[in-house]
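> So in full-length UniProt numbering, spot 218 of the sequence shown is number 218, and the numbers just go up one at a time.
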Amino acid sequence: MDGRLRRTGRALRRGPRCRPPGAGRVSFPFVVSVHDVAPATADEAAGWVADLDARGVPATLLVIPGPYAGGPALPDDAELVAFLHRAEHRGHELSLHGFRHAGRPGGPAWRRAVNLAVARGAGEFWSLTEPQARSLLRAGLDVLADADIGVVGFTPPGWLASPGARRALAGLGFRYWTSQLAVHDLSRGRSGRMPALSHRPGGAGEQAGARLMVGATRAFTRTRTPFRIALHPADLARPGLRSAALAAIDHALAAGGRPVTYEALVTRWAARGAGPTP
Ligand SMILES: [Zn+2]
Numbered sequence: 001m002d003g004r005l006r007r008t009g010r011a012l013r014r015g016p017r018c019r020p021p022g023a024g025r026v027s028f029p030f031v032v033s034v035h036d037v038a039p040a041t042a043d044e045a046a047g048w049v050a051d052l053d054a055r056g057v058p059a060t061l062l063v064i065p066g067p068y069a070g071g072p073a074l075p076d077d078a079e080l081v082a083f084l085h086r087a088e089h090r091g092h093e094l095s096l097h098g099f100r101h102a103g104r105p106g107g108p109a110w111r112r113a114v115n116l117a118v119a120r121g122a123g124e125f126w127s128l129t130e131p132q133a134r135s136l137l138r139a140g141l142d143v144l145a146d147a148d149i150g151v152v153g154f155t156p157p158g159w160l161a162s163p164g165a166r167r168a169l170a171g172l173g174f175r176y177w178t179s180q181l182a183v184h185d186l187s188r189g190r191s192g193r194m195p196a197l198s199h200r201p202g203g204a205g206e207q208a209g210a211r212l213m214v215g216a217t218r219a220f221t222r223t224r225t226p227f228r229i230a231l232h233p234a235d236l237a238r239p240g241l242r243s244a245a246l247a248a249i250d251h252a253l254a255a256g257g258r259p260v261t262y263e264a265l266v267t268r269w270a271a272r273g274a275g276p277t278p
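1. For the beta strand (DSSP E) that contains P29, what are its first and last residues?
2. According to DSSP, is T129 part of a helix, a strand, or is it coil?
3. What does the alpha-carbon distance come out to for the pair T225 and L253?
4. Mapping the DSSP letters down to three states, classify P21 as helix, strand or coil.
5. Closer than 5 Å is what we want: which residues have a beta carbon that near any heavy atom of ligand 1? List them in chain order.
6. Going by other Cβ atoms of all chains shown within 10 Å of its Cβ, with 16 needed for buried, is A161 buried or exposed?
7. If you check the beta carbons only, do H85 and L62 fall under 8 Å apart?
8. Under the rule that 16 or more other beta-carbon atoms within 10 Å means buried, what is P21, buried or exposed?
9. Work out the CA separation of A204 and T261 for me, nearest whole Å.
10. Quick one, are the C-beta atoms of P65 and F99 less than 8 Å apart?
11. Check each candidate in T41, D43 and V49 and name the one with the smallest Cα separation from V32.
12. Specify whether the region 26-40 and the region 215-229 touch according to this definition: at least 3 beta carbon pairs, one from each stretch, less than 8 Å apart.
13. Would you report the Cα separation of D36 and G70, rounded to the nearest angstrom?
Rendered as structure tokens:
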């Protein structure tokens, strides 16, 4: 395993209000991730983490290590670095989320089209060869190491990773990566289907999407289906999106859902030694 990767296994201390009323029923895991954590979005990240702490929900914080959205690289923001260390200490997981979270020119035409349509231009790892991806991943790990942060997982911007990027992740010793529909366990070469719900702030379907997040959460909890909720900084600028996301999380908790980080999820899969099932 790459020396800059490390594992942690702390559990977030859960407050009394967080004991799920549905604890007697068959439990199922769900993962909450906070996307695009960087100096430029530090306030939004802190807002989401406070909401999650209040519910005793350990989350995976997806950190962009390089300069992003006009802000500096992560190590230049000592306040955010200290915040992330404290969050990790409380049981949240820190994970790598691209390098600059920016699209890159090149690749076949169909990959360029998907990058624009699906990742809104942020498919940074969508058209990279294995050597290109390896070098960008190493650069990200180096920047995180400068902030004394080690990670075991990766979520590509836009949830898009090229085959070369996937091979580079495995070669560097990452334990998992995530796509929009699944969590991919690199240690065992297996994937667990686990759809991710996220808002589309500012889009034409914004309010319908907000209702969908709550509706889909109800459907998943009814069938005890593992799923994920992705929180983005831009959600907080739009009316109703924060409350819809929190309503979905509260519903999952009340229905007996077990909030886990990605790292805890793949650790549990490995301990069971079976397929990546709940
Ligand atoms: Zn992102």
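Using N, Cα and C, we set each Cβ at its ideal position, and we do this for glycine too.
Taking the geometry as given:
1. Per DSSP, P29 is one residue of the beta strand (DSSP E) stretching across F28 to V37.
2. The answer is coil: DSSP assigns T129 none of H, G, I, E or B.
3. T225 and L253: Cα-Cα distance of roughly 13 Å.
4. Low confidence applies here, because P21 scores a pLDDT of 48, under 50, leaving its location unreliable; read the following figure in that light. In the structure shown, P21 sits in coil (DSSP, three-state: anything other than H, G, I, E or B).
5. The answer, residue by residue, is H35, D36 and P157.
6. The residue in question, A161, is buried, as its Cβ has 16 or more Cβ neighbours within 10 Å.
7. No, they are not a contact pair.
8. Residue confidence is low: P21 scores 48 on pLDDT, short of 50, so the model does not pin down where it sits. Its coordinate-derived value is still stated next. Counting other Cβ atoms within 10 Å of its Cβ, P21 stays below 16 and is therefore classed as exposed.
9. Cα-Cα distance, rounded: 31 Å.
10. Yes; because the gap between Cβ atoms is below 8 Å, this pair is in contact.
11. When each option's Cα is compared against that of V32, the closest is V49.
12. Counting C-beta pairs with one atom in each stretch, the region 26-40 and the region 215-229 have three or more that are closer than 8 Å, which means they touch.
13. A straight line joining the alpha-carbon of D36 with that of G70 spans about 13 Å.
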